[in-house]
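Peer 1:
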Amino acid sequence: MSALAGVSVGRQRQTPAWQRQWQHFRYVTTANPVTLLAFIGLAVMIAVAILGPYLIPYDPLASLAEKALKPPSLEHWFGTDQLGRDVFSRVVVATRLDLLISVSAVALSFVVGAAIGAAAGYWGDWFDQLSGRLLDTIMAFPLFVLAMGIVAAAGNTIQNIVIATAIINLPFYARVARAEVAIRSNAAYVQAARLSGSSDLRLLICTIFLNTLPPMMVQLSLNMGWAILNAAGLSFIGLGVRAPTAEWGIMVAEGANFIISGEWWLALFPGAALMLAVFTFNLLGDGLRDLVDPARRT
Amino acid sequence: MKYFIQIGSRFLQAVPTLFGIIVVTFLLTRALPGDPAAYFAGAAATPASIAEIRTKLGLDQPLPVQFLSYLRDLGNGNLGQSVTTGQPVVTELLRRIPASLELTLFALLLSVAVAVPLGILAAVRQDSWVDQLCRFVVTAGVSLPTFFTGLLLVYVLYFLLGIAPAPIGRLDMTFLTPPQVTGFLVIDGLLAREWATAWAALKQLLLPAVTLGLFTLAPIARMTRASMLAALGSEYLRTARAAGLDGQTVLFVYAFRNALLPIVTTLGMVFSFTLGANVLVEKVFAWPGIGSYAIEALVVSDYAAVQGFVLAMAVLFVTLNLAIDILYTLIDPRIGMEGRA
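From first to last, the protein sequence lines stand for chains A and B. Quick note on this note's numbering: the first sequence kicks off at -18 and runs consecutively. Quick note on this note's numbering: the second sequence kicks off at 3 and runs consecutively.
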């Protein structure tokens, strides 16, 4: 039994790391078709975000009064809104803005959260105490409400939506980073690097932090969907994105006024796009977790 | 005695949290872009009136002094005045809080009533159709934007089927508000024996509560399933089975009671989501709670009102968490054991 295990370990060592990763990736995607679907969904979303403005049949801001509130037809796939703008074009164009807001918010909180968490996990002591208190205070607020307060205080701009979303997501990254760094800070390979004369900072960044990236990535993609929901929620209540701009949250908000009179297409299509985006990121997060950490599979 | 010490220490733990919340809300007020005095003075302010307000608000004082006077104001229950309505913010918040609480608590009740049995069934019959349903509900539930589900429900149940009442507030215009006892219209209606009013209020409440409940269903169901699975696979459960206890006892007394602890802990996070989503649902259904108050205030940059709202929500959240912590202490079998020993 032990001899067999030795053989298989030996064979694993011979194949290069990237090839093993690729095999594992192929295994996970083919074993779970849902994950494959999520990867495809992500690719489509990125393509639409980049190419969207070149693909749309109508100008998303051009209004034609005589064509207002027309239901979906061959000419206008998703119908037209109260100003006669093509809903399909607006939904497609909005992809870029929505992804941009949530990606920058998540990236911001990833970088800052990882730095705070890693420093707290590695040096501990007073910095750990202080940052812990700070993060606990953020978590003591209902997070969406805190975001509302921050945007209201700092000013009603898209930039502040990004900052507010980043702040409310900060604790999640900082906590994962802190825990992952703390369990590794005295691992054998870290001690070896320390003995060979690496400075603390170099050790933390090059040796420890790189090894915490997989769990951080999982947190990232699980968090993306939530970030999109938050940003869209903020613009739904009238914060951040201003009226003529195409953005899913504000489009649903505008369409909401027409639901009671039966014009469902105004709110349905942007809402469905939003839902699909969040769904994709959540599935992706679950899939990535399987890829990184098969033991936590549920 | 053990319980009292535990509960007392939970109360004490909430004090630094509350203090942190007050500091953050204070700092948010000072983070206003430009001059807060100009903000509070309103659009038609002259330089003289701005200067007057600056002195009146104490904005010419150093920051720690300002903080102390902020604390004193809070102690006197003074959150400032709303620019648009001219009413003190505290009065308006207190008037509207029952509506928000009624919605939130009813929604939580609904989602716990569905999610916990669903999670248990999914864990007991792992990989059956119930488990698949649970998995679907969990993944779909966290992906649904609350405001979108709300609109969808309104369209289908109100516009298409005509079952639900129009999404305008807590009670149809044709009914008189029952005399206020709890502030919850359904309960007040029942207490006043005005059955028709209570029924009408319940009908108004149902759709927003279902919307909010759908959102909180996912995390509760996921946690119930996971912690039930952990409990079912444990050694003490195998021992209980081996000792010949019947399935019902094993499931509900041994497994569920132990699985309950992580579920109760998750509720804290769920509250955070619920209170946030509450704002969105209140907007969709024109629910006259503190969420729609804050939205109206945000649109016109009525700053004191938004501040008061954030503070009220945070205090509500801490209170709910405190209640959960105390509940946790009461149901934790280990603490009970220590007390007896």
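For each residue, glycine too, the CB sits at the ideal point set by N, CA and C. All values reported here derive from a predicted model rather than from experimental measurement.
Near residue 91 (chain A), which residues of its chain fall below 8 Å by C-beta distance, leaving aside the five closest residues on each side in sequence?
Peer 2: If we look at residue 91 (chain A) and ignore the five residues flanking it on each side, its Cβ neighbours are 154, 197 and 201.
Peer 1: Cα separation between residue 130 (chain A) and residue 172 (chain B)?
Peer 2: So the alpha carbons of these two residues sit roughly 26 Å apart.
Peer 1: Leaving out the 5 sequence neighbours to the left and right, which residues in its chain are closer than 8 Å to residue 210 (chain B) when beta-carbon positions are compared?
Peer 2: Only 105, 109, 152, 169, 283, 284, 286, 287 and 289 meet the Cβ criterion.
Peer 1: By Cβ distance below 6 Å, which residues in the same chain neighbour residue 75 (chain A) in space, the five residues on each side in sequence not counted?
Peer 2: Within the same chain, residue 75 (chain A) has close Cβ partners 227, 228 and 229.
Peer 1: Going by beta carbon distance, what residues of the same chain come within less than 6 Å of residue 149 (chain A), once the five residues before and after it are set aside?
Peer 2: Excluding sequence neighbours, residue 149 (chain A) sits near 124, 127 and 128.
Peer 1: Taking Cβ-Cβ distances below 7 Å as the criterion, which residues of the segment 100 to 121 of chain B are in contact with chain A?
Peer 2: Against chain A - using a Cβ distance shorter than 7 Å - the segment 100 to 121 of chain B contributes no residues.
Peer 1: So the alpha helix (DSSP H) residue 192 (chain B) belongs to, where does it begin and stop?
Peer 2: From DSSP, the alpha helix (DSSP H) with residue 192 (chain B) extends over 187 to 193.
Peer 1: Suppose you measure from the CA of residue 29 (chain B) to the CA of residue 59 (chain A); what does that come to, to the nearest Å?
Peer 2: Each residue's alpha carbon lies about 45 Å from the other.
Peer 1: Note down, in chain order, all residues in the segment 120 to 148 of chain B with a beta-carbon under 7 Å from any beta-carbon belonging to chain A.
Peer 2: Cβ contacts with chain A come from 141, 144, 145, 146 and 147.
Peer 1: Within 8 Å of any Cβ in chain A, is that where the Cβ of residue 285 (chain B) sits?
Peer 2: Chain A, which has a Cβ nearer than 8 Å to the Cβ of residue 285 (chain B), makes this yes.
Peer 1: In chain A, which residues lie with their C-beta within 9 Å of the C-beta of residue 274 (chain B)?
Peer 2: By Cβ distance, chain A contributes 120, 122, 123, 124, 125 and 126.
Peer 1: So which residues on chain D does residue 113 (chain A) lean against when the C-beta distance must stay under 7 Å?
Peer 2: This model lacks chain D altogether; the protein chains it does include are A and B.
Peer 1: What residue ranges within the segment 89 to 153 of chain A form continuous alpha helix (DSSP H) runs of no fewer than 4 residues, ordered along the chain?
Peer 2: Counting only runs of 4 or more, we get 106 to 120 and 124 to 135.
Peer 1: Looking only at its chain, what residues have a beta carbon closer than 7 Å to the beta carbon of residue 300 (chain B), apart from the 5 residues adjacent to it on each side?
Peer 2: Correct list, in chain order: 308.
Peer 1: List, in order along the chain, the chain A residues whose C-beta lies closer than 7 Å to that of residue 277 (chain B)?
Peer 2: Going along chain A in sequence order, the residues near residue 277 (chain B) (Cβ under 7 Å) are 123 and 126.
Peer 1: Since residue 144 (chain A) and residue 161 (chain B) are thought to touch, with beta carbons under 8 Å apart, how far apart are those beta carbons, to the nearest angstrom?
Peer 2: Incorrect: roughly 38 Å between the Cβ atoms, too far for contact.
Peer 1: Could you give the DSSP three-state label for residue 340 (chain B): helix, strand or coil?
Peer 2: Its pLDDT being 48, under 50, residue 340 (chain B) is placed unreliably by the model, and nothing is read from it.
Peer 1: Pull up the distance between the alpha-carbon of residue 135 (chain A) and that of residue 78 (chain B), whole angstroms please.
Peer 2: Straight-line Cα distance between these residues: approximately 27 Å.
Peer 1: Assuming residue 26 (chain A) and residue 188 (chain A) make a contact with CB atoms under 8 Å, what is their CB distance in whole Å?
Peer 2: Actually they are not in contact, since the Cβ atoms of residue 26 (chain A) and residue 188 (chain A) sit about 35 Å apart, beyond 8 Å.
Peer 1: Output yes if chain A places a C-beta closer than 8 Å to the C-beta of residue 69 (chain B); else output no.
Peer 2: Answer no: the Cβ-Cβ gap between residue 69 (chain B) and chain A never drops below 8 Å.
Peer 1: Are three or more beta carbon pairs between the segment 178 to 190 of chain B and the segment 254 to 267 of chain B nearer than 8 Å?
Peer 2: Segments in contact, no.
Peer 1: Assign residue 48 (chain B) to one of three DSSP states: helix, strand, or coil.
Peer 2: Here residue 48 (chain B) sits in coil by DSSP.
Peer 1: So what's residue 89 (chain B) in DSSP terms, helix, strand or just coil?
Peer 2: Correct three-state label for residue 89 (chain B): coil.
Peer 1: Between the segment 200 to 219 of chain A and chain B, which residues of the former have CB atoms less than 7 Å from a CB of the latter, in chain order?
Peer 2: Those would be 206, 210, 213, 214, 217, 218 and 219, in chain order.
Peer 1: Considering only their Cβ atoms, is the gap separating residue 232 (chain B) from residue 144 (chain B) smaller than 8 Å?
Peer 2: No; because the gap between Cβ atoms is not below 8 Å, this pair is not in contact.
Peer 1: Considering only their Cβ atoms, is the gap separating residue 160 (chain A) from residue 102 (chain A) smaller than 8 Å?
Peer 2: For residue 102 (chain A) and residue 160 (chain A), yes; Cβs fall inside 8 Å.
Peer 1: Take residue 214 (chain B) as the anchor and find which of B:111, B:238 and B:270 has the nearest alpha-carbon.
Peer 2: Answer by Cα proximity: B:111.
Peer 1: Looking at residue 230 (chain B): is its Cβ nearer than 8 Å to the Cβ of residue 60 (chain B)?
Peer 2: Their beta carbons are not under 8 Å apart, which means residue 230 (chain B) does not touch residue 60 (chain B) by this criterion.
Peer 1: When you compare only the Cα positions, how much space is there between residue 239 (chain B) and residue 126 (chain B)?
Peer 2: Each residue's Cα considered, the two are about 13 Å apart.
Peer 1: Less than 8 Å between the beta carbons of residue 270 (chain B) and residue 280 (chain B), yes or no?
Peer 2: Not in contact: residue 270 (chain B) and residue 280 (chain B) (Cβ atoms no closer than 8 Å).
Peer 1: Can you find a C-beta in chain B that's less than 8 Å from the C-beta of residue 22 (chain A)?
Peer 2: By this cut-off, residue 22 (chain A) is not an interface position.
Peer 1: State the Cα-Cα distance for the pair residue 178 (chain B) and residue 199 (chain B), rounded to the nearest angstrom.
Peer 2: Between residue 178 (chain B) and residue 199 (chain B), the C-alpha separation is close to 8 Å.
Peer 1: Between the segment 12 to 23 of chain B and chain A, which residues of the former have a C-beta closer than 7 Å to a C-beta of the latter?
Peer 2: For the segment 12 to 23 of chain B, which is checked against every Cβ of chain A, the residues closer than 7 Å are 19, 22 and 23.
Peer 1: Using C-beta distances below 8 Å, list every residue in its chain close to residue 268 (chain B), excluding the 5 sequence neighbours before and after it, in chain order.
Peer 2: For residue 268 (chain B), where only same-chain residues beyond five positions count, the Cβ hits under 8 Å are 221, 222 and 225.
Peer 1: On the three-state DSSP scale, how would you describe residue 15 (chain B)?
Peer 2: Three-state result, residue 15 (chain B): helix.
Peer 1: Could you spell out where the alpha helix (DSSP H) holding residue 295 (chain B) opens and where it closes?
Peer 2: Taken as a continuous stretch (DSSP letters only), the alpha helix (DSSP H) holding residue 295 (chain B) covers 292 to 301.
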